[in-house]
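See structure below.
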């Protein structure tokens, strides 16, 4: 008699909050949204935030939920978790962590060890409270410290990192800065106001030309 193999459950939640502060949450969503927008036209780049990643089939105790992860070579789409063996065994190549105000150094060391062990190519850690940015790149099989980080361009993302007095700034290859949804909305409103002002100026000019018996459409 053959015993049925017990199905292994890979939970989609680790019971921990996505963020411990509004500041941490804002950074997670800005980076996730920026990366998603950057690769919106590539069907084989998957971007996720706070998604549990299981690298080892058959072991549901080995997992990590990067604040943001980018995977090249797998299709976009909804997932409850990232089961690596179902994704052509491709690990996330780029991960971001936004350090919380109460994250211990031991916790951060364990995350670095996990990403080192399971194949991450680029790991970026930003502490928004202290405006501290660190990065690691895989060289000859190991994650090595990137120095300096300010001005660094990610080989995978082609995104430029700048660290200013105000904090971290991320720039796309076209020079556009990563923006939060609020910043995008403010930018849209400013562009709409400029367009309205241009239309009003054009209308005033046309009115003056008509007063001079000049047809604006003939100019």
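Numbering (the working numbering), first residue to last: -19 to 199.
Glycine included, each C-beta is placed from N, C-alpha and C at the ideal position.
Predicted, not measured: the structure shown is a model, and the values here were computed from it.
Of all the options the options, which has the alpha carbon lying nearest to the alpha carbon of residue i?
i, options, result
"residue 73", "25, 91, 177 and 43", "25"
"residue 35", "21, 22, 27 and 63", "63"
"residue 114", "-2, 79 and 135", "79"
"residue 0", "82, 15, 45 and 30", "82"
"residue 12", "176, 102, 198 and 160", "160"
"residue 132", "154, 90, 116 and 91", "116"
"residue 138", "85, 156, 23 and 197", "156"
What residue range is occupied by the uninterrupted beta strand (DSSP E) comprising residue i?
i, result
"residue 147", "147 to 151"
"residue 158", "Careful: residue 158 lies outside any beta strand (DSSP E) and carries neither H nor E."
"residue 140", "140 to 144"
"residue 50", "48 to 52"
From what residue to what residue does the alpha helix (DSSP H) around residue i run?
i, result
"residue 11", "2 to 18"
"residue 93", "85 to 97"
Determine the direct distance from the alpha carbon of residue j to that of residue i, and round the result to whole angstroms.
i, j, result
"residue 40", "residue 174", "54 Å"
"residue 140", "residue 195", "50 Å"
"residue 192", "residue 181", "17 Å"
"residue -17", "residue -10", "Note that residue -17 scores 49 on pLDDT, short of 50, meaning its location in the model is unreliable and no value can be drawn from it."
"residue 101", "residue 176", "47 Å"
"residue -7", "residue 58", "15 Å"
Since residue i and residue j are thought to touch, with beta carbons under 8 Å apart, how far apart are those beta carbons, to the nearest angstrom?
i, j, result
"residue 76", "residue 104", "5 Å"
Three or more C-beta pairs closer than 8 Å, one from the segment 40 to 55 and one from the segment 63 to 72: is that the case here? In the pairwise beta carbon analysis, the segment 40 to 55 is classified as touching the segment 63 to 72: at least three pairs are separated by under 8 Å.
Indicate whether the contact test is met: 3 or more Cβ pairs, each with one atom in the segment 105 to 125 and one in the segment 139 to 151, closer than 8 Å. Contact between the segment 105 to 125 and the segment 139 to 151 is present: three or more C-beta pairs spanning the two stretches fall below 8 Å.
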